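Asker:
Numbering (the UniProt record's numbering), first residue to last: 1 to 416.
(1) Using the C-alpha atoms, what's the distance from residue 339 back to residue 261?
(2) Less than 9 angstroms between the C-beta atoms of residue 14 and residue 37, yes or no?
(3) Candidates 320, 393, 280 and 289: which alpha carbon is nearest residue 313's?
(4) Is the separation between the beta-carbon of residue 301 and that of residue 39 shorter than 9 angstroms?
(5) If the criterion is Cβ atoms closer than 9 angstroms, does the pair residue 181 and residue 174 meet it?
(6) Considering only the alpha carbon of each residue, which of 278, 127, 251 and 342 lies closest to residue 263?
(7) Can you find the residues in the same chain that come closer than 7 angstroms, C-beta to C-beta, to residue 109, ignoring five residues on each side of it along the sequence?
(8) Restricting to Cα atoms, I'd like to know which of 235, 219, 41 and 218 is closest to residue 226.
(9) Can you tell me which of the three DSSP states residue 413 falls into?
(10) Taking its Cβ as the centre, do 16 or more other Cβ atoms sit within 10 Å of residue 405, making it buried, or is it exposed?
(11) Using a Cβ distance threshold of 8 angstroms, determine whether the region 91-108 contacts the region 189-208, with at least three qualifying pairs required.
(12) Is there a Cβ of chain C sitting closer than 9 angstroms to that of residue 206, yes or no?
(13) With a threshold of 8 angstroms on Cβ separation, who are the neighbours of residue 332 within its own chain once the five nearest residues in sequence on each side are excluded?
(14) Can you find the residues in the same chain that come closer than 8 angstroms, C-beta to C-beta, to residue 51, ignoring five residues on each side of it along the sequence?
(15) Skipping 5 residues on each side, what residues in its chain have a beta carbon closer than 8 angstroms to that of residue 373?
(16) Report the partner residues of residue 16 according to the DSSP bridge assignment.
(17) Pick from 133, 126 and 209: whose alpha carbon is nearest that of residue 215?
(18) How many angstroms separate the CA atom of residue 346 from the CA atom of residue 403?
(19) Sort 232, 33 and 197 by Cα distance to residue 118 and report the nearest one.
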């Protein structure tokens with residue numbers, strides 16, 4: 001049976017997505033093709049009149065839309081919540097495609113885009129929802145199901161005049177909430193971890209959005225959506241692709257293809273190549289310093305429009321090395337191999353510089369960029385730890401201390 005979804009960018013109908021016997025097709029809407037500012041939804045799905053259909057081995061259409069969905073346990077919970085098989089990607093998109101990363105909205109044929117609304121959220125209700133994970137999803141199914149990519153549980157919210165609301169219909173969310181990891185005995189204190197590392201990234205010259213921690217009293221990390229323009233309730237969705245979508249990779253290859261060749265390919269597709277190259281190298285240096293081994297291709301994203309592809313702010317930055325166990329943090333694998341090295345304990349300055357040269361940087365520029373990250377991260381981390389010791393609880397301070405001493409101070413000495 002042929003299944004169909006209309007594809008919108010913000011509120012504009014872009015095309016029709018269809019699936020028949022697991023073969024996916026996409027055709028652009030004539031009005032979108034004729035629009036002066038139109039652009040392809042992906043470089044691998046070019047702006048042409050003819051219907052485009054996936055092949056048997058290369059499936060750019062299915063891979064692009066599959067990359068909109070959450071991953072791992074978050075996908076399993078979504079499938080359970082909407083009562084669809086986890087392997088039926090089209091069914092998941094049909095019921096959860098109203099809000100994704102960027103501007104894409106997926107709706108069944110003849111389903112109008114509703115204006116939407118917001119619904120007040122109390123601390124008590126939020127606390128109950130967080131405590132109910134992973135049995136039930138954070139967003140209420142009758143309001144807005146979320147198809148945001150990623151492995152952690154997330155919730156779409158609107159922050160308006162200091163209060164949190166849940167959006168429904170076509171109302172864009174302004175922020176994303178991420179509570180503690182669903183396996184807190186292993187991955188403890190993830191909200192403070194991500195908040196601390198993102199704040200450090202800002203101080204180290206990385207472009208990051210505004211972040212915060214909110215307590216219901218259960219903690220949740222909150223990040224402002226950078227794929228939005230304007231202010232609630234008059235926001236515009238901005239189209240963006242993650243690294244897997246940009247390079248036409250299925251989401252399951254986000255680690256396997258996370259290498260120099262893919263990063264160079266990404267740089268070549270952007271408008272400001274020199275700027276993107278330097279941003280990616282600084283990002284990689286920072287990840288090595290904090291022990292972020294989860295900086296894969298889906299954790300790089302890019303705005304796309306008629307005339308350009310540019311990098312978005314960075315996100316999903318946290319220290320994963322601290323979860324290796326006491327004394328084992330340097331056994332952690334790097335997000336991408338640097339100078340032939342895969343393990344933090346083996347990484348030295350020469351390896352990082354070799355990685356920069358492989359990407360296309362001059363050695364002098366690679367060295368000055370690495371030194372700049374080291375120069376900024378040590379005092380910033382020291383200062384933030386001192387403040388945390390006065391303001392945060394024991395568990396949060398312990399987590400920040402582990403990142404500071406076991407990763408940042410250790411790696412700064414090795415890479416200086």
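Just so it is clear, CB atoms sit at the ideal spot from N, CA and C, and this is done for glycine as well. A quick note: this is a predicted structure, and the numbers were derived from the prediction, not measured.
Answerer: Reading it off the structure:
(1) To locate residue 261, count along the chain shown from 1; it is residue 261. To locate residue 339, count along the chain shown from 1; it is residue 339. One C-alpha to the other measures close to 13 angstroms.
(2) Numbered from its first residue, the chain shown carries residue 14 at position 14. Numbered from its first residue, the chain shown carries residue 37 at position 37. Cβ distance not < 9 angstroms, so residue 14 and residue 37 don't count as in contact.
(3) As a first step, residue 313 must be located in the chain shown, where it is residue number 313. Of the candidates 320, 393, 280 and 289, the one whose C-alpha sits nearest the C-alpha of residue 313 is 280.
(4) Translated into the one-based positions of the chain shown, residue 301 becomes position 301. Translated into the one-based positions of the chain shown, residue 39 becomes position 39. No, Cβ-Cβ distance for residue 301 and residue 39 is not below 9 angstroms.
(5) Indexing the chain shown from 1 puts residue 181 at position 181. Indexing the chain shown from 1 puts residue 174 at position 174. No. Outside cutoff.
(6) As a first step, residue 263 must be located in the chain shown, where it is residue number 263. Closest by alpha carbon: 278.
(7) Numbered from 1 along the chain shown, position 109 holds the residue referred to as residue 109. Hits under 7 angstroms: 4 and 6.
(8) Mapped onto the chain shown, residue 226 falls at position 226. For the residues 235, 219, 41 and 218, the minimum Cα distance to residue 226 belongs to 235.
(9) Counting from 1 along the chain shown, the entry for residue 413 is found at position 413. DSSP places residue 413 in helix when its eight states are reduced to three.
(10) Numbered from 1 along the chain shown, position 405 holds the residue referred to as residue 405. Residue 405 comes out exposed.
(11) The way I'd put it, the region 91-108 doesn't touch the region 189-208; fewer than three beta-carbon pairs between them come closer than 8 angstroms.
(12) Note that chain C does not occur in the displayed structure, where there is just one protein chain.
(13) Position 332 of the chain shown, counting from 1, holds the residue named residue 332. Around residue 332: 291, 293, 320, 321, 324, 343 and 344.
(14) Position 51 of the chain shown, counted from the first residue, corresponds to residue 51. These residues qualify, in order along the chain: 25, 26 and 27.
(15) Here the question's residue 373 lines up with position 373 in the chain shown. The answer, listed in chain order, is 204, 205, 282, 285, 286 and 289.
(16) Translated into the one-based positions of the chain shown, residue 16 becomes position 16. Partner(s): 6 and 27.
(17) Taking the first residue of the chain shown as position 1, residue 215 is located at position 215. That would be 126, whose Cα lies nearest to the Cα of residue 215.
(18) As a working mapping, residue 346 is identified with position 346 in the chain shown. As a working mapping, residue 403 is identified with position 403 in the chain shown. Each residue's Cα considered, the two are about 18 angstroms apart.
(19) Position 118 of the chain shown, counted from the start, is the residue given in the question as residue 118. Nearest of 232, 33 and 197 to residue 118, Cα basis: 232.
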